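Asks: Take this structure first; my questions come after.
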Amino acid sequence: MSTPADELAVPAVAECENCGTALQGRFCHACGQEAEPPASTARGVLRSLAAELTNVDSRALRSVVRVLVRPGELTAEYLAGRRVRYTQPLQLYLGAATAFFFVNAYHPFVTFDPKTRGVVSVLNSAGASGRMSASVVRDLAAKGVSLEVFQERFEGAVAGYLPVFLVGSVLLFGMVLALFYRGARRGYLAHAVFALHWSAFYLLLMIVDRLIPRDRAGGGPFGAVLAVIALVYLAMALRRVHAESWLRTVPKAAGLFLLYQFLLSMWMLSAIGLAFAILT
Ligand SMILES: [Zn+2]
2 MSTPADELAV PAVAECENCG TALQGRFCHA CGQEAEPPAS TARGVLRSLA AELTNVDSRA
62 LRSVVRVLVR PGELTAEYLA GRRVRYTQPL QLYLGAATAF FFVNAYHPFV TFDPKTRGVV
122 SVLNSAGASG RMSASVVRDL AAKGVSLEVF QERFEGAVAG YLPVFLVGSV LLFGMVLALF
182 YRGARRGYLA HAVFALHWSA FYLLLMIVDR LIPRDRAGGG PFGAVLAVIA LVYLAMALRR
242 VHAESWLRTV PKAAGLFLLY QFLLSMWMLS AIGLAFAILT
């Protein structure tokens, strides 16, 4: 019979089971593996699984809340060396990107409406719309492709190009950040982490925007409100991380925000263009 006290004690094994290093505590100082072997009883397995999940959950929840309501704090914490208590920047971004894909599957950000033959995008704050020409409709009909089938293929093709934006925008944003703050001598890591946190925030903001029901044609006042929120967030985050005056920070925030909107628009237009080129 093992008691809780036994489970907390330093285990009897003297060497790390993974790399053979002599142990000095609960974790191997060479490879990081926990000294205690995983519980073998059903109760022990369930208990460590529950502990693991609550740990991952509380860390993810803490990170998502911080990235949403405390601009720049996660980046500042990471750069100050407090890394274990939050989800890693890349993981957080991949989580936001996964959520973005998931929402896009049910409520596509770029859609084709077979009834109006219109393409509508809600991706950037300005929004975009266009209409399929009569000749393209005739060509599709000649090929025996209905507009409903086209809609399905179109939305699939656009979703297929999403990774290009998700990877490309972070890399370019980080590079421009490095350019704007080249005097700060912080190294590219600081800019990469900032770009990941900002992009995670923006994806989450777009998800929230997508899930609020409203008239999608042509942006509207709600889109403008979101743009202002994002711009203010970006300026506050830059100021927290780089501690420059507002006078220096605001133009950089405006430039970076325009850059991000530009990347989003470029990606959206090329995705729509490529999807049409392939499918018609
Ligand atoms: Zn080890």
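The numbering of the sequence shown is the working numbering, which starts it at 2 and goes up by one.
For each residue, glycine too, the CB sits at the ideal point set by N, CA and C.
Remember, predicted model here, so these are calculated numbers, not experimental data.
1. How many Å lie between A193 and F263 at the Cα?
2. Just the Cα atoms here: how many angstroms apart are L93 and A135?
3. If contact is defined by three or more beta carbon pairs under 8 Å, each pair taking one atom from either stretch, is the stretch 136-152 in contact with the stretch 86-102?
4. Looking only at its chain, what residues have a beta carbon closer than 7 Å to the beta carbon of P115, apart from the 5 residues adjacent to it on each side?
5. How should A52 be labelled, buried or exposed, when 16 other C-beta atoms within 10 angstroms of its C-beta is the threshold for buried?
6. Roughly how far, in whole angstroms, is the beta-carbon of T281 from the beta-carbon of L141, given that I think they are within contact range, below 8 Å?
7. Taking the Cβ atom as the reference point for each residue, do F155 and A276 lie within a distance shorter than 8 Å?
8. Here's a check: name, in chain order, each residue in its chain whose Cβ is nearer than 6 Å to the Cβ of F113, leaving out the five neighbours to either side.
9. Evaluate G186 with the Cβ neighbour count: other Cβ atoms within 10 Å of its Cβ, from every protein chain shown; 16 or more gives buried, anything less gives exposed.
10. Helix, strand or coil for R240 per DSSP?
11. May I ask which residues mark the beginning and end of the alpha helix (DSSP H) holding S138?
12. Sorted by chain position, which residues of the same chain lie with C-beta nearer than 7 Å to E35's C-beta, five sequence neighbours on each side aside?
13. Look up R132 in the DSSP assignment and give the residues it is bridged to.
14. So what's V111 in DSSP terms, helix, strand or just coil?
15. Give every residue of the same chain whose Cβ lies closer than 8 Å to the Cβ of L226, excluding the five residues on either side of it in the sequence, and list them in chain order.
16. Keeping to the same chain, check which residues put their C-beta closer than 7 Å to that of L235; ignore five residues upstream and five downstream.
17. On the CB-based measure, 16 or more other CB atoms within 10 Å of its CB, does E16 come out buried or exposed?
18. Spatial neighbours of A191 within its chain, please: C-beta separation below 7 Å, excluding the five flanking residues on both sides.
19. Exposed or buried, which one is T88 when buried takes at least 16 other CB atoms within 10 Å?
20. Compute every distance between the C-beta of A15 and the non-hydrogen atoms of ligand 1, then say whether any falls below 7 Å.
21. My output table needs one value for E245: the three-state DSSP class, helix, strand or coil.
22. May I ask you to check if the CB of N105 is nearer than 7 Å to at least one heavy atom of ligand 1?
23. Quick one: Cα of Y189 to Cα of P72, how far?
24. For I273, count neighbouring C-beta atoms within 10 Å of its own C-beta (all shown protein chains included) and say buried if the count is 16 or more, exposed if not.
Replies: Looking at the atomic coordinates:
1. By one-based count along the sequence shown, residue 193 stands at place 192. By one-based count along the sequence shown, residue 263 stands at place 262. The straight-line gap from Cα to Cα measures roughly 19 Å.
2. Against the sequence shown, residue 93 aligns to sequence position 92. Against the sequence shown, residue 135 aligns to sequence position 134. Spanning the two alpha carbons is a distance of roughly 44 Å.
3. The answer is no - the stretch 136-152 does not touch the stretch 86-102, with fewer than three Cβ pairs under 8 Å.
4. As a position in the sequence shown, residue 115 is number 114, starting the count at 1. The beta carbon of P115 is closer than 7 Å to those of L148, E149 and Q152 in its chain, skipping five residues each way along the sequence.
5. As a working note, residue 52 is residue 51 in the sequence shown. Looking at its Cβ environment, which holds fewer than 16 other Cβ atoms inside 10 Å, A52 is exposed.
6. Position 280 of the sequence shown, counted from the start, is the residue given in the question as residue 281. Position 140 of the sequence shown, counted from the start, is the residue given in the question as residue 141. T281 to L141, Cβ: 6 Å. Contact.
7. In the sequence shown, counting from the first residue as 1, residue 155 sits at position 154. In the sequence shown, counting from the first residue as 1, residue 276 sits at position 275. Result yes, Cβ atoms of F155 and A276 sit closer than 8 Å.
8. As a working note, residue 113 is residue 112 in the sequence shown. These residues qualify, in order along the chain: V120, Q152 and F155.
9. Against the sequence shown, residue 186 aligns to sequence position 185. In the sequence on display, residue 186 carries Arg and not Gly. R186 is exposed by the Cβ-count criterion.
10. Residue mapping note: residue 240 aligns to position 239 of the sequence shown, counting from 1. Helix.
11. Indexing the sequence shown from 1 puts residue 138 at position 137. In the sequence as presented, Ser is not what sits at residue 138; that position holds Val. From DSSP, the alpha helix (DSSP H) with V138 extends over A135 to A143.
12. If you number the sequence shown from 1, residue 35 lands on position 34. Residues R27 and F28 of the same chain have their beta carbon placed closer than 7 Å to that of E35, with the five preceding and five following residues left out of the count.
13. Reading the sequence shown from its first residue, position 131 is the one you call residue 132. R132 pairs with G119.
14. Residue mapping note: residue 111 aligns to position 110 of the sequence shown, counting from 1. Note: V111 maps to strand in three-state DSSP.
15. If you number the sequence shown from 1, residue 226 lands on position 225. Per the sequence shown, the amino acid found at residue 226 is Val instead of Leu. For V226, where only same-chain residues beyond five positions count, there are no Cβ hits under 8 Å.
16. Translated into the one-based positions of the sequence shown, residue 235 becomes position 234. If we look at L235 and ignore the five residues flanking it on each side, its Cβ neighbours are W199, A254, L257 and F258.
17. The sequence position of residue 16 within the sequence shown is 15, counting from 1. Result: exposed.
18. Position 190 of the sequence shown, counted from the start, is the residue given in the question as residue 191. Closer than 7 Å at Cβ, skipping near neighbours: L80.
19. Translated into positions along the sequence shown, residue 88 becomes position 87. Flag for T88 reads buried.
20. Here residue 15 refers to the residue found at position 14 of the sequence shown. Every heavy atom of ligand 1 is 7 Å or more from the Cβ of A15, so no.
21. As a first step, residue 245 must be located in the sequence shown, where it is residue number 244. Three-state result, E245: coil.
22. In the sequence shown, residue 105 corresponds to position 104, counting from 1. Incorrect: N105 has no Cβ contact closer than 7 Å to ligand 1.
23. Position 188 of the sequence shown, counted from the start, is the residue given in the question as residue 189. Position 71 of the sequence shown, counted from the start, is the residue given in the question as residue 72. When only Cα atoms are considered, Y189 and P72 end up about 20 Å apart.
24. Within the sequence shown, numbered from 1, the residue matching residue 273 stands at position 272. Buried: at least 16 other Cβ atoms inside 10 Å.
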